[in-house]
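S.K.:
Number of protein chains: 2
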Amino acid sequence: MSAALDPAETTTDRVRRGGRAGKRAGSSTAFEQPPFRQLRIPFEPTRVVSDDELEAIHLASLRVLREIGIDVLHAEARRIMKEHGADVQEGSERVRFDSDMVLELISHAPSEFTLHARNPAHNVRLGGNNLVFSQVASAPNCSDLDRGRRAGSQSDFRNLVKLGQMHNIIHVTGGYPVEPVDLHPSIRHLECLRDFVLLTDKAFHAYSLGRERNLDGIEICRIGRGVPMEQFVQEPSLLTIINTNSPLKMDIPMMEGIIQMSSHGQVVIVTPFTLAGAMAPVTVAGALVQQNAEALAGIAFAQMVKKGAPVGYGGFTSNVDMKSGAPAFGTPEYMKAQLVGGQLARRYGIPYRTSNVCAANAVDAQAAYESVFSLWGCIQGGGNFIKHAAGWLEGGLTCSYEKTILDIDLLQMVAEFLTPLDVSEDALAIDAIRDVGPGGHFFGTPHTQARYKNAFYAPIISDWRNFETWSESGAPTAVEKANRVWKERLAHYEEPPIDPAIREELDAFMEKRKTEGGAPTDF
Amino acid sequence: MSAALDPAETTTDRVRRGGRAGKRAGSSTAFEQPPFRQLRIPFEPTRVVSDDELEAIHLASLRVLREIGIDVLHAEARRIMKEHGADVQEGSERVRFDSDMVLELISHAPSEFTLHARNPAHNVRLGGNNLVFSQVASAPNCSDLDRGRRAGSQSDFRNLVKLGQMHNIIHVTGGYPVEPVDLHPSIRHLECLRDFVLLTDKAFHAYSLGRERNLDGIEICRIGRGVPMEQFVQEPSLLTIINTNSPLKMDIPMMEGIIQMSSHGQVVIVTPFTLAGAMAPVTVAGALVQQNAEALAGIAFAQMVKKGAPVGYGGFTSNVDMKSGAPAFGTPEYMKAQLVGGQLARRYGIPYRTSNVCAANAVDAQAAYESVFSLWGCIQGGGNFIKHAAGWLEGGLTCSYEKTILDIDLLQMVAEFLTPLDVSEDALAIDAIRDVGPGGHFFGTPHTQARYKNAFYAPIISDWRNFETWSESGAPTAVEKANRVWKERLAHYEEPPIDPAIREELDAFMEKRKTEGGAPTDF
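Note that the protein sequences, when read in sequence, are chains A and B. Letter 278 of the first sequence, counting from 1, is numbered 278 in the UniProt record's numbering, and no numbers are missing. Letter 455 of the second sequence, counting from 1, is numbered 455 in the UniProt record's numbering, and no numbers are missing.
(1) Using only alpha-carbon positions, find the residue among A/L275, A/T398, A/P332 that is nearest to residue 558 of chain B.
(2) Thinking just about the alpha-carbon of each residue, which of A/A75, A/I220, A/F133, A/S186 is nearest to the one in A/M255?
(3) Counting only beta-carbon atoms, is B/W486 nearer than 8 angstroms to chain A?
(4) Taking one C-beta from the segment 340 to 347 of chain A and one from the segment 280 to 297 of chain A each time, how about it: are there three or more such pairs within less than 8 angstroms?
(5) If the cut is a Cβ gap below 9 angstroms, which residues of chain A does B/D422 touch?
(6) Quick one: which chain B residues come within Cβ less than 7 angstroms of A/P332?
(7) For A/E53, go through chain B and note every residue whose CB falls closer than 7 angstroms to its CB, in chain order.
(8) At the level of alpha carbons, what is the spacing between B/A455 and A/P281?
(9) Measure from the alpha carbon of B/R40 to the alpha carbon of each residue in B/L126, B/I80, B/I269, then state which is nearest.
(10) Let me confirm a value: A/A203 is counted as buried when at least 16 other C-beta atoms fall within 10 Å, else exposed. Which label applies?
(11) One question on the structure: do B/L190 and B/R513 come within less than 8 angstroms of each other, judged by their Cβ atoms?
(12) Within its chain, find whatever has a CB closer than 7 angstroms to the CB of B/G517; leave out the 5 residues flanking it on each side and keep chain order.
(13) Can you tell me the Cα-Cα spacing of B/A309 and B/L115, whole angstroms?
(14) Tell whether a beta-carbon distance below 8 angstroms holds between B/T240 and B/A295.
(15) Please identify, using Cβ separations under 8 angstroms, the residues of the segment 361 to 379 of chain B that lie next to chain A, in order along the chain.
(16) Under a CB-based cut-off of 8 angstroms, is B/G383 close to chain A?
(17) Can you pull the chain A neighbours of B/Q290, defined as C-beta to C-beta under 9 angstroms?
(18) Quick check: is any heavy atom of the ligand NAP less than 7 angstroms from the C-beta of A/Q33?
(19) Would you mind giving the Cβ-Cβ distance between A/I386 and A/F133, rounded to the nearest angstrom? I have them listed as a contact below 8 angstroms.
(20) Can we say the segment 418 to 438 of chain B touches the segment 487 to 500 of chain B, given the rule of at least three CB pairs closer than 8 angstroms?
(21) May I have the straight-line CA-CA distance separating A/S111 from A/D98, to the nearest angstrom?
(22) Express the C-alpha separation of A/A475 and B/G175 in angstroms, rounding to a whole number.
(23) Buried or exposed for B/G381, going by 16 or more other Cβ atoms inside 10 Å?
(24) Using a cut-off of 9 angstroms between C-beta atoms, extract the partners of A/N319 located in chain B.
(25) Per DSSP, what kind of secondary structure is A/S153 in: helix, strand or coil?
(26) List the whole-angstrom C-beta distance separating B/I70 from B/A359, where the pair is believed to meet the contact cut-off of C-beta under 8 angstroms.
(27) Near A/T181, which residues of its chain fall below 8 angstroms by C-beta distance, leaving aside the five closest residues on each side in sequence?
(28) Could you give the DSSP three-state label for A/W464: helix, strand or coil?
(29) In the DSSP assignment, find the unbroken alpha helix (DSSP H) run with B/E416 in it and report its ends.
(30) By Cβ distance below 6 angstroms, which residues in the same chain neighbour B/N245 in space, the five residues on each side in sequence not counted?
(31) Looking at A/L375 and A/L163, is the spacing between their C-beta atoms short of 8 angstroms?
(32) At the 8 angstroms Cβ level, is B/A121 part of the contact set with chain A, yes or no?
(33) Here's the rule: buried if 16 or more other CB atoms are within 10 angstroms of the residue's CB, otherwise exposed. What is B/T448?
(34) Assuming B/S246 is part of the alpha helix (DSSP H), what are its boundary residues?
(35) Any beta carbon from chain A within less than 8 angstroms of B/G22's own beta carbon?
(36) Given a limit of 8 angstroms on CB to CB distance, which residues of the segment 55 to 80 of chain B reach chain A?
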């Protein structure tokens, strides 16, 4: 068990350990932050539906798989499914699944596993009561207060990955925080994956965009880890998200992704994108039935590919604005779906992925309340892998530099909330209360003096100055503070060290694949 | 049992019932909102400390009461305490409490009771799993985007009470949302209490600021309810908050408040203001020990005054910025204290009061995240009475018109989150999923068409338009939207109907008390 998997350290350890831990983690020492640590949710998740109601959703989704089935566009995948007992008719893409078969298959999915990073101190555990935060992924645009909103570039991609690397609360950098559209699609994945190896030493994600890209992702990740393939397939290190084409459809790249990733022992998180009223029934319960059916089908398929392949159960059910069709996030319906999703994932004993999302167009009060409502759903829902944990804005169409910093602060606050309360004799402080006595003050007491430096979480954004002082300093709002912070922090980025042999192997692979023209494209 | 206490209606009832319920509730029909209803928290509160740890806090607070004691400045209160077996020495203000005596006394506190409003449809239940939202109270300043921050006036007081009355999610108007400093203190309470009777028909609060004001509050509330005193003392209708002078001190107006309110069967919520590191130990556990000691002392005293007097257990433990001493709210430490406070209140079977608070100076992302973190603590902590639920800004120094609207939206979202999920056969939607089939769309289906109007909560503030449309409309932030909303809504305020005989009795009482000069003041 590595250092990162030790029992959670309290954030009050940060000053004592900060310097060394910070350096070891490859992060800057220019700012104070809690150390990288494996978070855990110490309390029971909240149950919003009863066991009977949960069973009704479960049984309904099995009926959907059995009676309606799923259209699987990938011929080889259909062949594998048929081989495992699914009902596949010649000349049809429709696949129907026997309930016992589905349940038998998903029973092989591991309930907990380690996701390995290039730096073992950045390994994380998925499943159980473990909590992992992953940076925002897949935004086509990025924005900041200085330059406004724009399509993503390699420069923005790199900046955002750097911010992910240097902040300990971000455990996994995730997919592309912004799509670098200035890179040609044939080599974009190569450039981005190489950056994931060089600019960070945390675990990362590869998109399932066809066989070549999958295999490139697996090879680059293996090179980064510096281990032979026999070892790599035993150690989940790379993850991919499979968003089904809701309703009830799975396309060729998805199936290809599961085949490549699962056969190599890498992590597949199946996340149906079931927007109630659009790609799923307008009732949250109905959308959850569909989410569950699609997730179970994908997870069962991964187990057909390789029994025991590491998988995640992804929930992304939300509602739409019924006037415009626009997706909504961080809503009460989203929260309820998050909680039921967690109940379902725990019923199957599979790590649960959910997300920190919002629909706001600006880093204003809306962005903050939608995000904290989402985080409330993540934590009380018993989420294990929180996707889009930092940076998401505008329904995922934009990664905001300021929102990244705001979210880092929110995540750090959540981590502190989850840190068990010290109720030792000393913390109960009867002697301090006696010493101060009625009408006294605790500021100057030895009990306070010994603890005040690390007694409380020190926020990044929150401005606690009184109104007068705050006004005199120009009445800065939270987003303005965040703008200043990301520039200061980025200036202190340091690339994490890497073994020169790994660097050389990576360069050689890049050279070879670029010479070959990268991955095929339609254009 | 009145209509308001019926099992919770779902918000999807709003269109079907809206008009009539709206009129009955005296609120405007110019905007759509969920009906006034008794909220309940349908799931188990979150336990952040174990039963053993909770017991350690409990026992430590009993030790504080037994060994250290509390300074009680009110001679008559000390006499009552001595009579009930407390250790009171002649010539000393210090009172020490035997643990068995405290536990015996608090066992008489009712675990649940109805708070009666002038309009019985606005009665609410306190305790159990009932949830009640009360408007912000006691801000010296108010603010809005148009006029900035300023000391409160009667005009602002009235505007804010009107906003409280017309929004169904605000169950109790609470104390003065802003202090009307343009009214002389001798008659300020008379003016405000009369406004509470006339401008709203919801339950309200009276400050414990001396015998005369307490008795005026009780009499005005009784007149408003239109019931004889024999009935009034059996029906809790008025509430007061007793904030102890932490650490371990209770002053004369507090004790006077408990004596008057409890002897008249009205509600006393004892809320120590235990800021960790200032008026309480720097450790959250220590601050909770002190909170619990002070709360139990106040509640025990109320039971000495009248066995079975309705009381609330108030928690207000938070931390301070150790650099400046400024109080912080909505922090991880605040949330943990909220949750433990709920565990303690439930241990004693006493309704739990906690608050929706923030330290932000502007209605920005900080205000929103601190508030939603607070609400998270309120709900997962099993709060029964949520004080300062709408309008609080700047650590309580300001009531913001825009924050009032923002909070109303947040509270409505919380209420929707708490509405049980419909998992009926119909909601599970297997037939709709079958009809749409793989690759289809749910927008136009009969299942969607029959439900889309009320399927989801319709937010007040959230802007779900896409970036382009939003930008073209001037890129309004949440606070700007809230600014527009409060003005529109206030323009539609209608005074709730009142029995002319009650109005006459109220006018006569006002006339008499003003002629007498109101309450004595020092200036």
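Note that the Cβ used here is the ideal one computed from N, Cα and C, for glycine as well.
M.R.: Reading off the structure:
(1) The requested residue 558 of chain B does not occur in the structure, where chain B is confined to residues 1 to 523.
(2) Counted from its first residue, the first sequence places residue 255 of chain A at position 255. Checking every option, the nearest Cα to that of A/M255 belongs to A/A75.
(3) As a first step, residue 486 of chain B must be located in the second sequence, where it is residue number 486. Judged by the 8 angstroms Cβ criterion, B/W486 is not in contact with chain A.
(4) yes
(5) Translated into positions along the second sequence, residue 422 of chain B becomes position 422. What B/D422 touches in chain A: T283, V284, A285.
(6) In the first sequence, the residue the question calls residue 332 of chain A occupies position 332. By Cβ distance, chain B contributes M413, E416, F417, Y457.
(7) In the first sequence, residue 53 of chain A corresponds to position 53, counting from 1. Chain B residues near A/E53: V423.
(8) The residue given as residue 455 of chain B occupies position 455 in the second sequence. The residue given as residue 281 of chain A occupies position 281 in the first sequence. Cα-Cα distance, rounded: 11 angstroms.
(9) In the second sequence, residue 40 of chain B corresponds to position 40, counting from 1. The shortest C-alpha separation from B/R40 is found at B/L126.
(10) Here residue 203 of chain A refers to the residue found at position 203 when the first sequence is read from its first residue. With 16 or more other Cβ atoms within 10 Å, it is buried.
(11) The residue labelled residue 190 of chain B in the question sits at position 190 within the second sequence. The residue labelled residue 513 of chain B in the question sits at position 513 within the second sequence. Going by C-beta atoms, B/L190 is nearer than 8 angstroms to B/R513.
(12) Counted from its first residue, the second sequence places residue 517 of chain B at position 517. Cβ within range, chain order: S186.
(13) Here residue 309 of chain B corresponds to residue number 309 of the second sequence, with the count starting at 1. Here residue 115 of chain B corresponds to residue number 115 of the second sequence, with the count starting at 1. Answer to the nearest angstrom: the Cα atoms are 13 angstroms apart.
(14) The sequence position of residue 240 of chain B within the second sequence is 240, counting from 1. The sequence position of residue 295 of chain B within the second sequence is 295, counting from 1. No.
(15) N361, A362, V363, D364, A365, Q366, A367, A368, Y369, E370, S371, V372, F373, W376
(16) Working through the second sequence from its first residue, we reach residue 383 of chain B at position 383. No, B/G383 lies away from the interface with chain A (no Cβ there is under 8 angstroms from its Cβ).
(17) Counted from its first residue, the second sequence places residue 290 of chain B at position 290. Going along chain A in sequence order, the residues near B/Q290 (Cβ under 9 angstroms) are A429, I433.
(18) Only the bare structure without any ligand can be found here, which leaves the ligand NAP out of the picture.
(19) Working through the first sequence from its first residue, we reach residue 386 of chain A at position 386. Working through the first sequence from its first residue, we reach residue 133 of chain A at position 133. Sure, about 5 angstroms apart at Cβ, within 8 angstroms.
(20) no
(21) Walking along the first sequence from the start, residue 111 of chain A turns up at place 111. Walking along the first sequence from the start, residue 98 of chain A turns up at place 98. So the alpha carbons of these two residues sit roughly 23 angstroms apart.
(22) As a first step, residue 175 of chain B must be located in the second sequence, where it is residue number 175. As a first step, residue 475 of chain A must be located in the first sequence, where it is residue number 475. Near 29 angstroms, if we compare the C-alpha coordinates of A/A475 and B/G175.
(23) Residue mapping note: residue 381 of chain B aligns to position 381 of the second sequence, counting from 1. Buried, because 16 or more other Cβ atoms sit within 10 Å of the Cβ of B/G381.
(24) Within the first sequence, numbered from 1, the residue matching residue 319 of chain A stands at position 319. Residues of chain B passing the Cβ test: A455, F456, Y457.
(25) Along the first sequence, read from residue 1 onward, the residue named residue 153 of chain A stands at position 153. Note: A/S153 maps to coil in three-state DSSP.
(26) Here residue 70 of chain B refers to the residue found at position 70 of the second sequence. Here residue 359 of chain B refers to the residue found at position 359 of the second sequence. About 29 angstroms; that fails the 8 angstroms criterion.
(27) As a working mapping, residue 181 of chain A is identified with position 181 in the first sequence. According to the sequence as given, residue 181 of chain A is Val; it is not Thr. Result list for A/V181: P140, A151, G152, S153, in chain order.
(28) As a first step, residue 464 of chain A must be located in the first sequence, where it is residue number 464. It is coil, neither helix nor strand.
(29) Position 416 of the second sequence, counted from the first residue, corresponds to residue 416 of chain B. Element bounds for B/E416: 401 to 418.
(30) Along the second sequence, one-based indexing puts residue 245 of chain B at 245. Within the same chain, B/N245 has close Cβ partners D251.
(31) Start at 1 with the first residue of the first sequence, and residue 163 of chain A comes out as number 163. Start at 1 with the first residue of the first sequence, and residue 375 of chain A comes out as number 375. No, the pair does not count as a contact, with Cβ atoms beyond the cut-off.
(32) Taking the first residue of the second sequence as position 1, residue 121 of chain B is located at position 121. So no, B/A121 is outside the interface.
(33) Position 448 of the second sequence, counting from 1, holds the residue named residue 448 of chain B. Flag for B/T448 reads buried.
(34) If you number the second sequence from 1, residue 246 of chain B lands on position 246. Premise fails: B/S246 is in no alpha helix (DSSP H) and is neither H nor E.
(35) Along the second sequence, one-based indexing puts residue 22 of chain B at 22. Residue placement at B/G22 is flagged as unreliable, the pLDDT there being 36, under the threshold of 50; the coordinate-derived value follows with that caveat. No, no contact with chain A.
(36) A56, I57, A60, R63, V64, E67, I68, G69, I70, D71
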